[in-house]
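From first to last, the protein sequence lines are chains Y, L and U.
Under the working numbering, residues 1 to 220 are what the first sequence spells out, in order.
Under the working numbering, residues 1 to 196 are what the second sequence spells out, in order.
Under the working numbering, residues 1 to 203 are what the third sequence spells out, in order.
Think of the CB as a built atom: it goes at the ideal place given N, C-alpha and C, for glycine as much as any other residue.
Because the structure is a prediction, the values reported are computed rather than measured.
Structure record follows, encoded as structure tokens.
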Amino acid sequence: MVKKKIAKVLAFRYKILATILVLLAGGLVLLPKYQRHEGIKPEELLSNTISPERYITTDQLAHKIINQDPSFILIDVRDEKSFASYTLPNAINIPLPKLFEEDSDSYLNQNQYDVVLFSNDNFNADQAWILCNRLGYKNMRVLKGGINQWFTTIINPLKPAENMPAADFELYATRKAAGMFFGVVYPDQVKVEAPEKTKEAPKKVITIEKKKKAAAEGGC
Amino acid sequence: MGPLIPNGVIPIEWDNIIAILIGIVFGFVLEASGFSSSRKLAGVFYGYDFAVLKVFFTAALVAVIGVYYMDYLGYLDINQLYVHPLYLWGAIIGGVIMGVGFVAGGFCPGTSLCAVAIGKIDAIVYVGGIMVGIFIFSELYPLFQPIYEGYFYGNVTLEDSLGINPYWFVFIFSIIAIVAFVISDMVRKKTKKIFY
Amino acid sequence: MKELEKTKRISIAATLFILAVIIGLLTYKRPKNTYANNTKDTLEKITGENYFITLNELNNPDYVLIDVRNQYEFEKGHLENAINIYAAEILSDDNSKVFNELKDNGKTAVLYGNNPQEVNPPFLILYQLGYTNMKLLAVENSYVQNKLITIKSDIEKPEADVAAFINESMKIANTKPIVKTTAPPKKVITVQKKKKAAAEGGC
């Protein structure tokens, strides 16, 4: 008996399937539309931004530049004018308003290099970092304290007082040496050394390969 | 989350393995649904068997509805999917040639290989013909190049070029499909039954 | 009999299809917090509009002060009438309620912390979530003898002209000026354009 009933229902099986498909397609039209969810979850973004992992200190950065570390690129998010007046060696200028322009994308959205963002302090660089992090860009760092910190630590380090521990003097000597690499000349240093060193600033040639999106190709 | 490969969920190195797995399943389904029979394939043209039309139309319909639902629910980003580039006249001329070959030979390239696998002689001849065709095309490539690479419109979809709402398009498309099924059934009932 | 077998196959396929649809819809959970502004709009807003507030402008009845530092620091000292919402907890249910209430009442939430840099992440995230009634108080807070000192803070103001300083240092040292320091070597960057895969495939 049951079998007969099932057979009766199944006689309409194509009609039933057709109705389901039309209903589903109609559902698409009727569904409420909302803003497309872009990027990672807000909770994830919050925990990423709260953690200080993204920061790189000026000392670390100076060390990297002096050792000609090829694994990173510097990106200056200040405006063109500040960029023209002073910037870090080999930095690329992407002013914050132009962060999402086509040209910037190939520098930011890649996994070949570490990207170090900096601005005058780390406020604008942080903003750029947060927006990029939401989009899931990898390998982004922020220079802690930005150019101001760079100035007070590397370019013009504060001479430690007499009663400070020896470590401070060591740090001061390192920073002074780093400062000389970046063009500062100290009167008490041997004159010949400083300018020669600056000339060695690495001329990097960076080729950024665009991440190739796998293209699924069709055919039946 | 998706699409899986462009987003790195499945590493790109798995491409070939996945291709083989999908190929096996696809070939099995083609053979199981009887698509390795040239009479069944040509049946659409002569009006005694619309299985091909129904199968491919249904597949497209299910896929398009599924993709849009997954996109809506956030499982899949529709903008990252591969869109085949449009070479307008190349596609039209190629489509006509292929259609003629389809009816005359009773296979499309995929199903012909399927039929070779089960040992059909006509399919073997057909595949031989494909090879000859490829050879001629490659030899005369400079001649065909303007058509092959010309009239390029980019990776466009109907949604881009006509500017219609994709959701409405899916709805209309599904209605067209079902109307086509009904009509094809009516045509089939009217034509003489052929046993094959 | 043969007809029945065929039926079975189609029925199984259909059942599986419907099951997949139902499972997909049932397991779907709308995320609690969703972005209301995309990154492009947010970028436009943070580069175009002024969302900073200075201490002098605080005397507005529509402003509600929110302290994003942790509870300990908040209790040690905070600005008058401030609410404490720790930056890491801005997305919790209770705090979302607070922000929603402020938005519905047409109030403006003014966030502050130890320094503007610290307030930046919660401010930006809340803005992207659609709380557009946000302002950022440009102050720095510090303690002198356990008393909260609030001073005005300049955001993104260059503290010194580095290029000038370097040139100056060279003048003092009496070395020949080096032009190079002001013009860092230009990098040659070649960006490979994305290559579209060749057309392929077919039935």
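Exercise. Using a Cβ cut-off of 8 Å (strictly closer), state whether Leu21/Y contacts chain L.
Key: Chain L contact via Cβ: present.
Quiz item: So, is the C-beta of Leu158/L closer than 8 Å to a C-beta in chain U?
Solution: no
Quiz item: Should Lys212/Y go down as buried or exposed, given a rule of 16 or more other Cβ atoms within 10 Å for buried?
Solution: For Lys212/Y, the predicted model reports a pLDDT of 47, less than 50, meaning its position is unreliable; a value from the coordinates is still stated below. It is exposed - the Cβ of Lys212/Y has fewer than 16 other Cβ atoms within 10 Å.
Exercise. Rounded to whole angstroms, what's the CA-CA distance from Leu43/U to Asn100/U? Just pull it up for me.
Key: Going from the Cα of Leu43/U to the Cα of Asn100/U covers about 23 Å.
Quiz item: So which residues on chain Y does Trp14/L lean against when the C-beta distance must stay under 9 Å?
Solution: Near Trp14/L there are no residues of chain Y at all, since even the closest Cβ is about 10 Å away, more than 9 Å.
Quiz item: Taking the alpha-carbon positions, what's the Ala180/L to Leu25/U distance?
Solution: 29 Å
Practice problem: Identify the continuous beta strand (DSSP E) that holds Arg141/Y and give its terminal residues. | Solution: That run of the beta strand (DSSP E) goes Met140 to Leu143.
Exercise. Could you tell me whether the Cβ atoms of Pro116/U and Ala138/U are closer together than 8 Å?
Key: yes
Self-check item: Heavy atom of the ligand SAM within 7 Å of Pro32/Y beta-carbon
Solution: Looking at this structure, you won't find the ligand SAM or any other ligand, since it has none at all.
Quiz prompt | Counted within 10 angstroms of its Cβ, other Cβ atoms place Gly23/L as buried (16 or more) or exposed | solution = By the neighbour-count rule (16 or more Cβ atoms within 10 Å), Gly23/L is not buried but exposed.
Quiz prompt | Cα-Cα separation, Tyr143/U to Met164/Y | solution = 24 Å
Practice problem: Using a Cβ-Cβ cut-off of 8 Å, state whether Ile50/Y counts as contacting chain U. | Solution: Look at Ile50/Y: its C-beta is under 8 Å from a C-beta on chain U.
Quiz item: Which same chain residues, not among the five before or five after Ala178/Y, have their C-beta less than 7 Å away from its C-beta?
Solution: Once the five neighbours on either side are set aside, the close Cβ partners of Ala178/Y are Ala62, Ile66 and Ile154.
Exercise. Could you check what DSSP says for Ile149/U in three-state terms: helix, strand or coil?
Key: It is a strand residue.
Quiz item: Which chain L residues sit within Cβ distance under 7 Å of Leu96/Y?
Solution: Under the 7 Å cutoff, chain L gives no residues; its nearest Cβ is about 25 Å from Leu96/Y.
Quiz item: Since Met134/U sits in a beta bridge, which residues does DSSP pair it with?
Solution: Partner(s): Ala109/U.
Quiz item: In whole angstroms, what is the alpha-carbon distance linking Leu81/L and Gln71/U?
Solution: 47 Å
Self-check item: Residues sharing a beta bridge with Ile301/Y, DSSP
Solution: Since the first residue shown for chain Y is 1 and the last is 220, residue 301/Y is missing from the structure and cannot be characterised.
Quiz item: Using a C-beta cutoff of 8 Å, does Asn120/U count as contacting chain Y?
Solution: yes
Exercise. Give the C-beta separation of Thr57/Y and Lys144/Y to the nearest angstrom, bearing in mind that I take them to be a contact with Cβ-Cβ under 8 Å.
Key: Right, the Cβ-Cβ distance comes to about 5 Å (below 8 Å), so this counts as a contact.
Exercise. Would you grab the beta carbon distance between Phe50/L and Val44/L for me? Rounded to a whole angstrom, and I think it's under 8 Å.
Key: Right, the Cβ-Cβ distance comes to about 6 Å (below 8 Å), so this counts as a contact.
Exercise. Can you pull the chain B residues whose beta carbon is under 7 Å from the beta carbon of Gly26/Y, in chain order?
Key: Absence of chain B from the displayed structure is noted, the protein chains being Y, L and U.
Exercise. Could you pull the start and end residues of the beta strand (DSSP E) that Val144/U belongs to?
Key: Val139 to Val144
Self-check item: Presumed contact (8 Å Cβ cut-off) between Asn109/Y and Leu45/Y, rounded CB distance
Solution: About 17 Å separates the two Cβ atoms, so there is no contact after all.
Practice problem: Could you say which of Ala11/Y, Gln149/Y and Met180/Y lies nearest to Asn122/Y if we only look at CA atoms? | Solution: Gln149/Y
Quiz prompt | CB contact below 8 Å: Ser174/L versus chain Y | solution = yes
Quiz item: Should Pro42/Y be labelled buried (16 or more other beta-carbon atoms within 10 Å of its own) or exposed?
Solution: buried
Self-check item: Cβ neighbours of Val25/L in the same chain (closer than 7 Å, five flanking residues each side left out)
Solution: none
Quiz item: So what's Asn163/Y in DSSP terms, helix, strand or just coil?
Solution: The three-state reading of DSSP puts Asn163/Y in coil, since its state is none of H, G, I, E or B.
Practice problem: Would you tell me roughly how many angstroms separate the C-alpha atoms of Asp122/L and Met140/Y, rounded to the nearest one? | Solution: 60 Å
Self-check item: Beta carbon proximity, Ala177/Y to chain L, threshold 8 Å
Solution: no
Exercise. State the DSSP-derived secondary structure class of Tyr55/Y, mapped to helix, strand or coil.
Key: Residue state, collapsed to three classes: strand.
Quiz prompt | chain Y contacts made by the stretch 43 to 70 of chain U, where a contact means CB separation under 7 Å | solution = Leu43, Ile46 and Thr47
Quiz item: Less than 8 Å separating the beta-carbons of Val115/Y and Tyr55/Y?
Solution: Judged by beta-carbon spacing, Tyr55/Y lies beyond the 8 Å limit of Val115/Y, meaning their Cβ atoms are not closer than that value.
Self-check item: Environment of Lys176/U [buried if 16+ CB atoms lie within 10 Å]
Solution: Note on Lys176/U: pLDDT 49, under 50, position unreliable in the model; the coordinate value appears next. Answer is exposed; the Cβ neighbour count stays below 16.
Quiz item: Count the other CB atoms within 10 Å of the CB of Ile178/L; is the residue buried (16 or more) or exposed (fewer)?
Solution: buried
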